[in-house]
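This report refers to the structure that appears directly beneath it.
Numbering (my numbering), first residue to last: 55 to 177.
Structure below.
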């Protein structure tokens with residue numbers, strides 16, 4: 055139980071650093087922890103007219119690999135489903151959208167931003 059709680063605390067800390075980072079870059083934050091069913095997008099924001107769906111991966115070491123490698127095909131599919139629900143439920147003025155991954159090193163506070171970290175395959 056302690057490991058799960060510790061993971062949640064690290065996740066929240068990482069998301070707060072990610073939010074600050076995006077705001078400092080001028081992003082307009084639309085949603086935090088946007089949920090549909092049991093799936094979630096950490097941050098939904100606008101960068102100009104581009105709608106950005108952001109997955110935050112935080113940790114104190116790279117023992118589990120680089121953040122972008124931890125967003126596997128299943129996670130990408132889940133993010134896509136939640137993004138589609140968001141688009142269907144809201145009226146946001148945007149011209150394009152993308153999926154980003156923010157890797158947050160909690161030991162240093164450093165944020166690595168992977169813009170357009172993945173592209174969804176055409177169905």
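Even for Gly, the Cβ is constructed at its ideal location relative to N, Cα and C.
Source: prediction; values computed, not measured.
**Q.** Sequence-distant residues of its chain with Cβ nearer than 7 Å to residue 82 (five each side left out)
**A.** In the chain shown, the residue the question calls residue 82 occupies position 28. Closer than 7 Å at the Cβ level, and outside the excluded window around residue 82, lie 99 and 100.
**Q.** residue 151 versus residue 164: straight-line alpha-carbon distance, rounded
**A.** For this step, residue 151 is matched to residue 97 along the chain shown. For this step, residue 164 is matched to residue 110 along the chain shown. So the alpha carbons of these two residues sit roughly 25 Å apart.
Q. Out of 110, 168, 93 and 103, which has the shortest C-alpha to C-alpha gap to residue 67?
A. Taking the first residue of the chain shown as 1, we reach residue 67 at position 13. If we check each option's Cα against that of residue 67, 110 comes out closest.
(Q) Is there a C-beta anywhere in chain D that falls below 8 Å from the one on residue 70? (A) Considering every chain present, this structure includes no chain D. It has just one protein chain.
Q.
Report the CB separation of residue 153 from residue 107 in whole angstroms; it is logged as a contact under 8 Å.
A. Taking the first residue of the chain shown as position 1, residue 153 is located at position 99. Taking the first residue of the chain shown as position 1, residue 107 is located at position 53. Yes, residue 153 and residue 107 are in contact; Cβ-Cβ is about 5 Å, under 8 Å.
Q: Please name the residue in 162, 169, 91 and 89 whose C-alpha comes closest to that of residue 156.
A: Your numbering for residue 156 matches position 102 in the chain shown. Minimum Cα distance to residue 156 is reached at 169.
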